[in-house]
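Novice: Please see the structure below; I have some questions.
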Amino acid sequence: MKFNLAKITQVFVLVIYVNFVVSAPIPHPESSNIDSLEKRDNFNYGQGTYFQPSLGACGSWVGSNAKIVALAAPYFDPHSHGGSPNQNSLCGKKVRIWRGEKSTEAIVQDRCPECAYSDIDMSPEVFKEIASSSEGRIPIKWSMV
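Here the sequence shown is numbered in the working numbering, starting from 86 and rising by one per residue.
Structure, rendered in structure tokens:
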């Protein structure tokens, strides 16, 4: 039996190449998703709006000059104990909200049923620190403090 060194070398290189390709890590489909990047940097990106506060989901009466926010129901609800929003572990926690270079802090006191997951509804006092009330809806970045 006669061996051809060139053919053996080609087969060897092909086997090595296939081994590297097959063993290369395959990125998880969510790793290229912008949401996973947002979560990795501990910020939420969404829309900011404002509302007139009164009796919030956390069970406290608040006035319009209070520095409070309502978190989106999909974000807020999983933190409620026993189905009661008054027992939500986010109630009373601080959030920092950024809009460009401007930022402010506020206390979680309510739940926003209309908001998307990363949106925040702010009291007028909070909203005016980062935007004009005439804007109504603004892009924001926020995190729990």
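Quick reminder that beta carbons are idealized off the backbone N, C-alpha and C, glycines included.
Would A142 and C200 qualify as a contact pair, given that the criterion is a beta-carbon distance under 7 angstroms?
Specialist: Contact flag unset, no.
Novice: Using a Cβ-Cβ cutoff of less than 8 angstroms, which residues in the same chain neighbour Q194 once the five nearest sequence positions on both sides are dropped?
Specialist: So the list reads P138, G141, A142, C143, S145, V147, A151, I153, V154, A155, C176 and G177, once near-sequence residues are dropped.
Novice: Are K226 and Y130 close, meaning C-beta to C-beta below 7 angstroms?
Specialist: Contact flag set, yes.
Novice: Check A158 in the structure and name its three-state DSSP category.
Specialist: A158: helix per DSSP, three-state reduction.
Novice: Taking contact to mean 3 or more Cβ pairs, one atom from each stretch, closer than 8 angstroms, check whether the segment 208-221 and the segment 158-170 are in contact.
Specialist: Counting Cβ pairs under 8 angstroms, fewer than three are found: no touch.
Novice: Comparing alpha-carbon positions, which option in Q95, S165 and W183 lies nearest M229?
Specialist: Cα-wise, what sits closest to M229 is W183.
Novice: Between C197 and R222, what straight-line distance do the alpha-carbon atoms span, to the nearest angstrom?
Specialist: Spanning the two alpha carbons is a distance of roughly 14 angstroms.
Novice: Measuring CB to CB, does E190 end up less than 7 angstroms from K179?
Specialist: Cβ distance < 7 angstroms, so E190 and K179 count as in contact.
Novice: DSSP three-state label for N118, please.
Specialist: Residue placement at N118 cannot be trusted, given a pLDDT of 44 that sits under 50; the coordinates are not used to answer.
Novice: Is it buried or exposed, D206, if we count other Cβ atoms within 10 angstroms and call 16 or more buried?
Specialist: Buried, because 16 or more other Cβ atoms sit within 10 Å of the Cβ of D206.
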